[in-house]
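There are 2 protein chains.
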Amino acid sequence: MRPSKRDELVQKALKVFYRNGFHATGMDMLVAETGVSKTSMYNHFRTKEDLILAVLRLRDENFRNWLYRRMEERADTPRDQLIAMFDALEEWFEEPGFRGCMFIKASAEYQNADHAIHIQSAEHKRMLQVHVGELARKAGLENPDVLARQLLLLKEGAIVTAHLQHTQAPAQDAKAAAIALIELAD
Amino acid sequence: MRPSKRDELVQKALKVFYRNGFHATGMDMLVAETGVSKTSMYNHFRTKEDLILAVLRLRDENFRNWLYRRMEERADTPRDQLIAMFDALEEWFEEPGFRGCMFIKASAEYQNADHAIHIQSAEHKRMLQVHVGELARKAGLENPDVLARQLLLLKEGAIVTAHLQHTQAPAQDAKAAAIALIELAD
DNA sequence: GACTTTATTTACAGATCAGTACATTTGATC
DNA sequence: GATCAAATGTACTGATCTGTAAATAAAGTC
Chain A
1 MRPSKRDELV QKALKVFYRN GFHATGMDML VAETGVSKTS MYNHFRTKED LILAVLRLRD
61 ENFRNWLYRR MEERADTPRD QLIAMFDALE EWFEEPGFRG CMFIKASAEY QNADHAIHIQ
121 SAEHKRMLQV HVGELARKAG LENPDVLARQ LLLLKEGAIV TAHLQHTQAP AQDAKAAAIA
181 LIELAD
Chain B
1001 MRPSKRDELV QKALKVFYRN GFHATGMDML VAETGVSKTS MYNHFRTKED LILAVLRLRD
1061 ENFRNWLYRR MEERADTPRD QLIAMFDALE EWFEEPGFRG CMFIKASAEY QNADHAIHIQ
1121 SAEHKRMLQV HVGELARKAG LENPDVLARQ LLLLKEGAIV TAHLQHTQAP AQDAKAAAIA
1181 LIELAD
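Line order of the protein sequences matches chains A and B.
At position 136 of the first sequence (counting the first as 1) the number is 136 in my numbering, and the numbers step up by one without a gap.
Count along the second sequence from 1, then add 1000; that gives the number in my numbering.
Printed below as a string of structure tokens:
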């Protein structure tokens, strides 16, 4: 099944939202950017919020697939894959279009804890945590869940800092810290 | 000198922007919230962007003063003050109105690297880094600047995660990681 | 108290916001 | 090819956006 019209719209909306922000991007801009008419857009997505939620679902899928795959390509053992996460991050930071984490930005614009967009952003992070936690467990490290949380703090910090200071340096700082924490848990 | 009208406006605008976000807060809402008229508002601040920049300046002053003071109150030595930073963070996370870092959110809404709001947000982080770097140096730790950057990655990660998952747990995870990194640099 | 300057209010401009009613086109079915 | 249903385009709504022009009030100054 080739990508449906809807999927195509989500994909293009993802780019615009990521580059431009959520509130700053109007439906008119999306309509202009995608070439589709407004009625069609609202036929595919009941509201702007629905569109954003669809965008976040796609982003979650894309990002986690990419990150997990890249970690596996770069290292063989679970332990080394944890470390490779930070090299993958560096690759991401180097991309010209890098603009930080879409979920952090989504939760920054939709702050209310019970807002669907906020909840879905939190869910993305939770799934990352589960995955990293399992890698830490497979690697036979002590307190794998605590370690996973700490590695993810380094990851989030690195993403935010790389975006704010527009440099990829935080990836290597975080990697060095991660190695230290992993060795201590060995 | 008692707070001028302008300072009062900045203070109230800070609360509204922090609670509500930047794009989501219109000048009309601020005018209603502060009781002042629209023309007065625009007499004090040429544009919404100017108001936001003034808000961020106040936030920078408030936050760094509060954090540095709290670190000193909680610990005597530079080394322990570095660790106490994470206890101070936990205090912050526990506050009912906690909504994450205003500068991360500002840079999330004004992403362009050469936007004044983005630049000013980055400057806040840079000043924190200098301060923490000096503490690490005073504590006689190895590679004080690298360590400072790593501790701040933990801090940013903890803030983002605490906001996203609305729990204060990241503060203690970050603290434990920080202690490990500090001991390794001892 | 008259005069000047400054701050404030009211009322509005033009653009854009999310969302929709209705006409038109398109594509499938007979 | 006629008929019908789904997708699309046009044109609009009322609300809200940032920002402003002109009228009014307040506060000094002589």
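Cβ atoms here follow ideal geometry from the backbone N, Cα and C, with glycine treated the same way.
All values reported here derive from a predicted model rather than from experimental measurement.
**Request:** Can you grab the Cα-Cα spacing for the pair residue 1174 of chain B / residue 180 of chain A, in whole Å?
**Result:** Along the second sequence, read from residue 1 onward, the residue named residue 1174 of chain B stands at position 174. Along the first sequence, read from residue 1 onward, the residue named residue 180 of chain A stands at position 180. Distance between the alpha carbons of residue 1174 of chain B and residue 180 of chain A is about 14 Å.
**Request:** Give a yes or no on whether the minimum CB-CB distance between residue 161 of chain A and chain B is below 8 Å.
**Result:** Position 161 of the first sequence, counting from 1, holds the residue named residue 161 of chain A. The beta carbon of residue 161 of chain A falls within 8 Å of a beta carbon belonging to chain B, placing the residue at that interface.
**Message:** DSSP three-state label for residue 1183 of chain B, please.
**Reply:** Working through the second sequence from its first residue, we reach residue 1183 of chain B at position 183. Correct three-state label for residue 1183 of chain B: helix.
**Asked** Would you call residue 962 of chain B buried or exposed, if buried means 16 or more other Cβ atoms sit within 10 Å of its Cβ?
**Response** Since the first residue shown for chain B is 1001 and the last is 1186, residue 962 of chain B is missing from the structure and cannot be characterised.
**Request:** Would you mind reading off the limits of the alpha helix (DSSP H) that contains residue 49 of chain A?
**Result:** Translated into the one-based positions of the first sequence, residue 49 of chain A becomes position 49. Taken as a continuous stretch (DSSP letters only), the alpha helix (DSSP H) holding residue 49 of chain A covers 48 to 74.
**Asked** Can you check whether the CB of residue 111 of chain A is closer than 8 Å to the CB of residue 56 of chain A?
**Response** One-based indexing of the first sequence puts residue 56 of chain A at position 56. One-based indexing of the first sequence puts residue 111 of chain A at position 111. In this structure, residue 111 of chain A does not lie closer than 8 Å to residue 56 of chain A by Cβ.
**Asked** Applying the criterion that 16 or more other CB atoms from any shown protein chain within 10 Å of the CB defines a buried residue, is residue 161 of chain A buried or exposed?
**Response** Position 161 of the first sequence, counting from 1, holds the residue named residue 161 of chain A. Buried, because 16 or more other Cβ atoms sit within 10 Å of the Cβ of residue 161 of chain A.
**Asked** Beta-carbon of residue 1040 of chain B versus every beta-carbon of chain A: anything under 8 Å?
**Response** If you number the second sequence from 1, residue 1040 of chain B lands on position 40. Among the CB atoms of chain A, none fall inside 8 Å of the CB of residue 1040 of chain B.
**Request:** List the residues of chain A whose Cβ lies closer than 7 Å to the Cβ of residue 1184 of chain B, in chain order.
**Result:** Here residue 1184 of chain B refers to the residue found at position 184 of the second sequence. Residues of chain A passing the Cβ test: 180.
**Interfacial residues, the region 165 to 178 of chain A to chain B, with Cβ spacing under 9 Å** = So the close ones are 165, 166, 169, 170, 173, 174, 176 and 177.
**Prompt:** How is the alpha helix (DSSP H) around residue 1136 of chain B delimited, first residue to last?
**Reply:** Here residue 1136 of chain B is taken as the residue at index 136 of the second sequence, counted from 1. Counting along the chain, the unbroken alpha helix (DSSP H) around residue 1136 of chain B starts and ends at 1116 to 1138.
**Message:** Please report the distance separating the alpha-carbon of residue 1095 of chain B from that of residue 1157 of chain B.
**Reply:** Residue numbering aside, residue 1095 of chain B sits at position 95 when the second sequence is read from its first letter. Residue numbering aside, residue 1157 of chain B sits at position 157 when the second sequence is read from its first letter. A straight-line Cα-Cα distance of about 18 Å links residue 1095 of chain B and residue 1157 of chain B.
**Request:** Would you please verify whether the beta carbon of residue 190 of chain A is less than 8 Å from any beta carbon of chain B?
**Result:** Absent from the structure is residue 190 of chain A, since the part of chain A shown begins at 1 and ends at 186.
**Request:** Check each residue of the region 1143 to 1159 of chain B: if its Cβ is closer than 8 Å to any Cβ of chain A, include it; give the result in chain order.
**Result:** From the region 1143 to 1159 of chain B, only 1146, 1149, 1150, 1152, 1153, 1154, 1155, 1156, 1157 and 1158 have a Cβ closer than 8 Å to chain A.
**Asked** When the Cβ atoms of the region 1031 to 1045 of chain B are set against those of the region 1009 to 1023 of chain B, are three or more pairs found closer than 8 Å?
**Response** Yes, since at least three Cβ pairs between the region 1031 to 1045 of chain B and the region 1009 to 1023 of chain B fall closer than 8 Å, the two stretches touch.
**Prompt:** Does residue 15 of chain A come within less than 8 Å of chain B when only Cβ atoms are used?
**Reply:** As a position in the first sequence, residue 15 of chain A is number 15, starting the count at 1. Not closer than 8 Å to any Cβ of chain B, the Cβ of residue 15 of chain A fails to qualify, so no.
**Request:** Could you tell me which chain B residues have their CB closer than 9 Å to the CB of residue 79 of chain A, listed as they occur along the chain?
**Result:** Working through the first sequence from its first residue, we reach residue 79 of chain A at position 79. Neighbours of residue 79 of chain A on chain B: none; closest Cβ ~17 Å, over 9 Å.
**is_contact[residue 137 of chain A, chain B] using C-beta, thresh 8 Å** = Reading the first sequence from its first residue, position 137 is the one you call residue 137 of chain A. Nearest CB-CB separation between residue 137 of chain A and chain B: not below the 8 Å threshold.
**Item:** Between the CA atoms of residue 29 of chain A and residue 167 of chain A - distance to the nearest angstrom
**Value:** Taking the first residue of the first sequence as 1, we reach residue 167 of chain A at position 167. Taking the first residue of the first sequence as 1, we reach residue 29 of chain A at position 29. If I take the Cα positions, the gap works out to 30 Å.
**Message:** Closer than 8 Å is the cut-off here; do at least three beta carbon pairs connect the region 1017 to 1025 of chain B with the region 1072 to 1091 of chain B?
**Reply:** In short, these stretches do not touch, since the Cβ pair count stays below three.
**Asked** So which residues on chain A does residue 1125 of chain B lean against when the C-beta distance must stay under 8 Å?
**Response** Locating residue 1125 of chain B in the second sequence gives position 125, where the first residue counts as 1. Going along chain A in sequence order, the residues near residue 1125 of chain B (Cβ under 8 Å) are 161, 164 and 165.
**Prompt:** Does the count of Cβ pairs from the region 132 to 142 of chain A and the region 1129 to 1149 of chain B closer than 8 Å reach three?
**Reply:** Output reads no: the region 1129 to 1149 of chain B does not touch the region 132 to 142 of chain A.
**Prompt:** What is the DSSP secondary structure of residue 17 of chain A, counted as helix, strand or coil?
**Reply:** Taking the first residue of the first sequence as 1, we reach residue 17 of chain A at position 17. In this structure, residue 17 of chain A counts as helix in the three-state DSSP scheme.
**Request:** Give a yes or no on whether 8 Å exceeds the smallest Cβ distance from residue 99 of chain A to chain B.
**Result:** Stepping through the first sequence from its first residue, residue 99 of chain A is reached at position 99. Using a Cβ-Cβ cut-off of 8 Å, residue 99 of chain A counts as an interface residue toward chain B, since at least one Cβ of chain B sits closer than that to its own.
**Asked** Does DSSP put residue 99 of chain A in a helix, a strand or coil?
**Response** Start at 1 with the first residue of the first sequence, and residue 99 of chain A comes out as number 99. Residue 99 of chain A: coil per DSSP, three-state reduction.
**Asked** For residue 171 of chain A, which residues of its own chain have a beta-carbon under 8 Å away from its beta-carbon, when the five flanking residues on both sides are left out?
**Response** Position 171 of the first sequence holds residue 171 of chain A. Excluding residues up to 5 positions away in sequence, 86, 87, 89, 90, 93, 158 and 162 lie with their Cβ nearer than 8 Å to the Cβ of residue 171 of chain A in the same chain.
**Request:** Can you pull the chain A residues whose beta carbon is under 9 Å from the beta carbon of residue 1049 of chain B, in chain order?
**Result:** Taking the second sequence and counting its residues from 1, the one referred to as residue 1049 of chain B is at position 49. Within chain A, no residue has its beta carbon less than 9 Å from that of residue 1049 of chain B; the closest one is some 13 Å off.
**Request:** Starting from residue 113 of chain A, find everything on chain B with Cβ-Cβ shorter than 7 Å and list it in chain order.
**Result:** For the purposes of this step, residue 113 of chain A is taken as the residue at position 113 of the first sequence. Here the neighbours are 1166.
**Asked** Distance, Cα to Cα, residue 1059 of chain B vs residue 1143 of chain B?
**Response** In the second sequence, counting from the first residue as 1, residue 1059 of chain B sits at position 59. In the second sequence, counting from the first residue as 1, residue 1143 of chain B sits at position 143. The alpha-carbon atoms of residue 1059 of chain B and residue 1143 of chain B are separated by roughly 30 Å.
**Request:** Give the residues of chain A in contact with residue 1095 of chain B, contact being defined as C-beta atoms less than 7 Å apart.
**Result:** By 1-based counting over the second sequence, the position of residue 1095 of chain B is 95. In chain A, no part has a C-beta under 7 Å from the C-beta of residue 1095 of chain B; the shortest such distance is about 14 Å.
**Asked** Is residue 1147 of chain B closer than 8 Å to residue 1185 of chain B when the C-beta atoms are compared?
**Response** Residue 1185 of chain B sits at position 185 when you count from the first residue of the second sequence. Residue 1147 of chain B sits at position 147 when you count from the first residue of the second sequence. Contact flag set, yes.
**Request:** Verify the CB distance criterion: does residue 1002 of chain B have a CB-CB separation below 8 Å to chain A?
**Result:** Position 2 of the second sequence, counted from the first residue, corresponds to residue 1002 of chain B. Confidence at residue 1002 of chain B is low in this model, with a pLDDT of 42, below 50, so its placement is unreliable and no value can be given for it.
**Message:** Give me the chain B residues within the contact set of residue 21 of chain A, using Cβ-Cβ distance strictly less than 9 Å, ordered along the chain.
**Reply:** To locate residue 21 of chain A, count along the first sequence from 1; it is residue 21. What residue 21 of chain A touches in chain B: 1023, 1108, 1109, 1110 and 1111.
**Asked** Sorted by chain position, which residues of the same chain lie with C-beta nearer than 8 Å to residue 1053 of chain B's C-beta, five sequence neighbours on each side aside?
**Response** Taking the first residue of the second sequence as 1, we reach residue 1053 of chain B at position 53. Same-chain partners within the cutoff: 1116, 1117 and 1120.
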